[in-house]
Amino acid sequence: MSATLDVHDLGVLFGDRIGLPSLSLTVQGGDCLAVLGASGSGKSSLLRTLAGLQAAASGRIAVNGRDVTMLEPEQRGIVYLHQEPVLFPQLSVMENVAFPLVIRRIAKSEAQRRALEMLARLQVDGVATHRAGALSGGQRHRVALARALCADPAVLLLDEPLSSLDPGVRGDVREALLAARAASGAATILVTHDLDDCMAVATHITTIGAGGALSAPATPSALLLAPPMLEVAQLLGVYATLYGVVEMHGSAAMFRWIGGVIAAADATPGASVACVRSHELAVHVGDQLQAPVLTVTARRDAAHEVLLDVRDLSGAMATVRTFSGTPVQVGERVQVVVHHARIFPGH
Amino acid sequence: MRSRESLLRSLSFVALLLFATAPLLMLIVTSLSRGWFYPAVLPPSLDASGWRDLVNDPARRVALTNSLLLGVGTAIVATLLALPLGRAAALSTRAVRRTVALLAFAAVALPPVALGVGLQLSVLSLGLGGTLMGVFLAHMVPALGYLTLVFLGVFTRWDTRLEEAAATLGADGVMRWRLVLLPLLRRPIADAMALGFLVSWAQVALTLLVGGGAVRTLPLEVLAMLQAGQDQHAATGALALAIPALLVLAVSRTAARDTAAVAA
Amino acid sequence: MSIARPVRRLHPLPVNSITSSRRTRAVPLLLAGTLLGVPITVGVGYLVAGALGIVGNASPGGVTRVLADGSVLRSAMLSLWIAAVGTTLATIGALLVTFTFGGNRTLDRVARRVAVLPLPVPTVAAAVAVLLLLSQSGWLARVATRVQLINAPASFPALVYDPFAIGVIVAVVWKELPFLLLLATSLLSLRGPALTDAARTLGATRWQALRRITLPMLLRGMAPSIIAVFVFVLGSLELPLVLAPSAPLTLPMLIQERRQALDMASHGDAYVIALLATVLALLAAVAHEWLRDDA
């Protein structure tokens with residue numbers, strides 16, 4: 159079975175210089191690959207290059223086995239959705255959605271029927287006769303998706319599809335994205351800096367690191383469990399980073415930080431970093447356990463967790479993350495027990 | 047305080063109204079009067095004979111026809127040429143945009159007299175001196191300047207994402223022009239044509255110099271009538287000049303703004 | 399499944415119609431060069447040739463002779479006077495109207511509409527109208543006679559054909575105020591509120607905010623257009639033709655007069671003066687472009 163999108167050694171330009179030197183990836187039809195990266199890492203440029211809206215510096219792009227690298231955007235079978243949905247202002251919603259069918263010379267009545275059907279699939283058929291400008295944010299996204307699906311693309315590129323929306327609306331549009339995926343067999347690439355989008359919609363995640371390298375695609379849960387590199391872990395943004403050293407205790411490697419020691423299976427000795435999620439450690443008030451006692455110097459409440467700055471007797475500091483609603487207060491003496499961590503070499 | 051402020055505003059409004067309309071009213075009344083001389087504050091009678099004379103006089107009819115031909119010709123040709131130029135420049139690099147804007151503004155800022163004297167010589171050597179075609183070519187220079195600036199502005203503010211979306215949805219170049227660009231360009235094109243028309247319609251120096259007096263247009267006729275002391279006819283002619291221009295203002299505010307304007 | 403073909407290095411230049419419309423320099427420059435550059439160069443080139451006597455049978459003018467000619471200097475002074483005063487008054491008037499009627503009440507909107515009325519009126523028509531109003535036998539003179547302020551046309555102050563070119567200046571203000579007004583209004587509505595709010599919350603009074611923040615902002619935004627107006631007025635033939643005195647002539651009229659004159663020396667003069675006016679205009683064009691801030 160031929161992969162739907164095959165990219166080999168693609169050089170992506172940022173303006174006049176090469177930003178991402180040699181990208182290779184493969185996305186099967188029906189899958190959704192999320193590309194996670196910091197702002198400015200070139201995610202948009204990558205998508206635009208794939209779509210043909212930007213020239214590539216080098217490499218090859220193939221859709222369903224067909225080389226499209228030198229083709230016009232309209233010949234590639236790749237539909238690109240801008241961050242802010244771009245609807246044609248002079249057309250009504252239905253005419254917008256029917257556009258890809260009309261230009262493929264499908265009779266107007268048939269085109270409109272299919273357009274309505276697609277609007278209904280995405281649950282936004284109520285606004286079919288509205289002007290494009292009269293829609294809410296969520297509606298605009300759904301209409302743009304419906305229109306894209308009417309073009310029956312082999313590849314669908316979504317550029318930060320949810321970043322322009324209020325948090326409350328995001329869930330709604332995530333549902334729309336899932337419905338869209340169910341309705342089409344396209345290979346989808348989704349670019350975002352939001353992990354929640356990835357978790358909800360993607361089948362695989364890859365990250366763009368410094369130097370433009372892509373990490374190997376992994377399922378979201380696999381990636382969170384075992385990010386391949388420290389850089390990727392930091393990009394995911396869900397871990398507390400604990401700085402320490404890996405030492406050999408007999409034949410076992412242990413990671414030592416100000417809060418104690420953690421088993422460190424295959425880690426190499428030396429300065430290291432441990433990445434721990436908020437549910438992978440426990441903060442105990444008091445000094446009952448066999449572990450160094452730390453003092454809480456600051457507490458920052460975030461939406462889903464609490465960050466605690468802790469300090470040992472020598473003044474060395476660390477920041478741990480724990481569950482929301484923890485009763486720990488500033489000034490209290492605590493002990494931190496880490497159940498699970500990922501150890502990476504580094505400072 | 048409140049009432050004094052609104053009194054001031056009302057007075058200012060009246061002053062503004064008078065200032066803006068007095069010259070036009072003067073033209074209207076003068077064109078409709080006969081034998082209205084000093085010291086009569088009001089015209090002795092109103093008649094439209096001035097207008098009849100304007101239309102009936104063969105020389106004036108020629109001038110009117112020339113003005114219309116030149117105006118419409120300039121409008122169409124200048125728009126057809128300036129649109130691709132403005133678009134190409136707007137989508138290009140910043141340096142190109144500024145160079146083109148500079149050239150266009152130069153075409154517009156050059157004193158028509160200076161340009162006219164220069165073009166007069168060149169047109170003479172081409173054998174087009176004193177011909178309608180020569181005058182048309184001369185009118186094209188400021189018209190192209192203005193319209194290039196207009197389209198430069200239009201396409202600089204253009205949302206290129208619309209064409210991108212259309213392209214990835216499968217529309218090729220021709221389809222993108224027909225379905226996305228042209229519908230959105232209808233208004234700017236109409237405005238540009240109106241502006242091109244007005245630039246040629248009001249032109250004096252270029253017509254005078256390049257036409258050498260052989261090509262008569264409405265503004266030149268008005269000047270001639272004024273110099274001959276025919277105030278009423280001059281006013282009629284001036285009004286005939288002004289009316290299409292004011293109609294354009296009523297229909298398209300942007301075109302009228304650009305008449306004296308350079309895209310700022 | 400990987401691709402069997404070896405990697406190909408693409409020329410990193412635009413490959414299709416969407417990408418190629420960006421960043422090509424050749425096409426727009428070529429077009430602009432042909433459509434705009436050629437006529438300007440031809441016109442100016444012939445002026446140079448004419449001044450040097452190469453074409454047009456003029457005896458070489460000589461820049462020195464023209465510059466030493468007193469009447470040329472006087473013409474230049476008159477033209478500059480008209481342009482400077484006219485532009486300044488038009489700017490002040492536009493600002494006054496903007497601030498007086500800058501709001502959103504009905505009166506404001508009507509006032510702004512009314513003020514824009516003169517905008518499209520051809521200059522010749524404006525000149526004729528102003529002449530009919532302001533000449534010594536014009537309408538204002540007749541009203542003055544009726545209310546017995548004067549009793550003969552000659553007693554009415556000479557507002558046209560006068561050495562101060564008052565009539566011309568009035569016509570200039572009438573024609574150019576609307577243009578500057580439109581610009582000022584749009585600048586004010588675009589950038590005004592945010593700036594004023596910031597200034598006021600920082601403690602500035604209405605007047606201070608106006609003087610220190612709003613006014614400079616407007617003037618900076620209007621600067622290129624003010625230069626444009628100045629240059630247009632400087633080069634205008636039709637206004638002084640109708641309304642200005644016969645001595646000294648404004649520069650454009652001088653050029654025309656010398657060109658139509660019978661002796662070849664005058665022709666040469668005409669070319670030189672026209673060239674000087676052209677240089678001025680080009681300098682203004684550069685200043686205008688330099689002052690504009692846009693991407």
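The listed protein sequences correspond, in order, to chains A, B and C. Under this note's numbering, the residue at position 98 of the first sequence is numbered 256, and the numbers go up by one with no gaps. Under this note's numbering, the residue at position 137 of the second sequence is numbered 183, and the numbers go up by one with no gaps. Under this note's numbering, the residue at position 76 of the third sequence is numbered 474, and the numbers go up by one with no gaps. Note that beta-carbon positions come from the ideal geometry of N, C-alpha and C, so glycine has one too. What you are looking at is a predicted structure, and each value in this text was computed from that prediction instead of being measured.
Whole-angstrom Cβ separation of residue i and residue j, contact assumed at under 8 Å?
| i | j | result |
| --- | --- | --- |
| V404 of chain A | S430 of chain A | 5 Å |
| V494 of chain A | V441 of chain A | 6 Å |
| V519 of chain C | L292 of chain B | 7 Å |
| A128 of chain B | F197 of chain B | 5 Å |
| I264 of chain A | P311 of chain A | That pair is no contact at about 16 Å. |
Counting only the same chain and skipping the five closest in sequence on each side, list residues whose C-beta sits under 6 Å from that of residue i.
| i | result |
| --- | --- |
| A269 of chain A | A256, L259, V260 |
| L73 of chain B | A281, A284, L285 |
| S533 of chain C | V558 |
| G188 of chain A | G343 |
| R143 of chain B | A135 |
| R305 of chain A | N254, V255 |
Nearest chain B C-beta to residue i closer than 8 Å, yes or no?
| i | result |
| --- | --- |
| A679 of chain C | yes |
| R224 of chain A | no |
| W479 of chain C | no |
| A513 of chain C | yes |
| E655 of chain C | no |
| L211 of chain A | yes |
| E275 of chain A | no |
| P258 of chain A | yes |
| I438 of chain C | yes |
| R305 of chain A | yes |
| R544 of chain C | yes |
| M159 of chain A | Confidence is the limiting factor: at M159 of chain A the pLDDT is only 46, short of 50, which leaves the residue's position unreliable and the question unanswerable from this model. |
| I420 of chain A | no |
| R507 of chain C | no |
| I219 of chain A | no |
| S248 of chain A | The question names Ser, yet the displayed sequence has Gln at residue 248 of chain A. Output row for Q248 of chain A: interface = yes. |
Quick one: residues in its chain with C-beta nearer than 7 Å to the C-beta of residue i, no 5 flanking neighbours on either side, listed in chain order?
| i | result |
| --- | --- |
| S199 of chain A | I366 |
| G402 of chain A | F413, R414, W415, S430, A432 |
| E318 of chain A | Q241, V349, T350 |
| S482 of chain A | H462, E463, V464 |
What separation, rounded to the nearest whole angstrom, lies between the Cα atoms of residue i and residue j?
| i | j | result |
| --- | --- | --- |
| L195 of chain B | L689 of chain C | 16 Å |
| A147 of chain B | P516 of chain C | 27 Å |
| P614 of chain C | G590 of chain C | 11 Å |
| G173 of chain B | V181 of chain B | 12 Å |
| L252 of chain B | L115 of chain B | 16 Å |
| P646 of chain C | L254 of chain B | 21 Å |
| L427 of chain C | S138 of chain B | 10 Å |
| P576 of chain C | L274 of chain A | 50 Å |
| L239 of chain A | A460 of chain A | 32 Å |
| D467 of chain A | G473 of chain A | 12 Å |
| L505 of chain C | L64 of chain B | 15 Å |
| Q273 of chain B | L183 of chain B | 28 Å |
| A430 of chain C | L131 of chain B | 7 Å |
| T120 of chain B | Y192 of chain B | 12 Å |
Using a Cβ cut-off of 8 Å (strictly closer), state whether residue i contacts chain C.
| i | result |
| --- | --- |
| M72 of chain B | yes |
| D99 of chain B | no |
Apart from the five residues just before and just after residue i, which ones in its own chain have a Cβ nearer than 8 Å to its Cβ?
| i | result |
| --- | --- |
| Q606 of chain C | A597 |
| T184 of chain A | A161, L163, D164, V165 |
| T377 of chain A | T361, H362, I363 |
For the ligand FAD, is there any heavy atom lying closer than 7 Å to the beta carbon of residue i?
| i | result |
| --- | --- |
| R435 of chain A | No copy of the ligand FAD appears in this structure; indeed no ligand is present at all. |
Output yes if chain A places a C-beta closer than 8 Å to the C-beta of residue i; else output no.
| i | result |
| --- | --- |
| V220 of chain B | no |
| S236 of chain B | The residue you asked about is not Ser; residue 236 of chain B is Ala in the sequence shown. Judged by the 8 Å Cβ criterion, A236 of chain B is not in contact with chain A. |
| R140 of chain B | no |
Quiz item: Taking three-plus beta-carbon pairs below 8 Å as touching, is the segment 330-340 of chain A in contact with the segment 163-181 of chain A?
Solution: no
Exercise. Could you tell me whether the segment 595-605 of chain C touches the segment 216-236 of chain B, using the rule of 3 or more Cβ pairs below 8 Å?
Key: no
Exercise. Count the CB pairs spanning the segment 626-635 of chain C and the segment 664-679 of chain C that are closer than 8 Å, and state whether there are at least three.
Key: yes
Quiz item: Taking one C-beta from the segment 144-164 of chain B and one from the segment 441-451 of chain C each time, how about it: are there three or more such pairs within less than 8 Å?
Solution: yes
Quiz item: Touch check for the segment 290-297 of chain A and the segment 324-334 of chain A: three-plus C-beta pairs under 8 Å?
Solution: yes
Quiz item: Taking one C-beta from the segment 651-667 of chain C and one from the segment 464-471 of chain C each time, how about it: are there three or more such pairs within less than 8 Å?
Solution: yes
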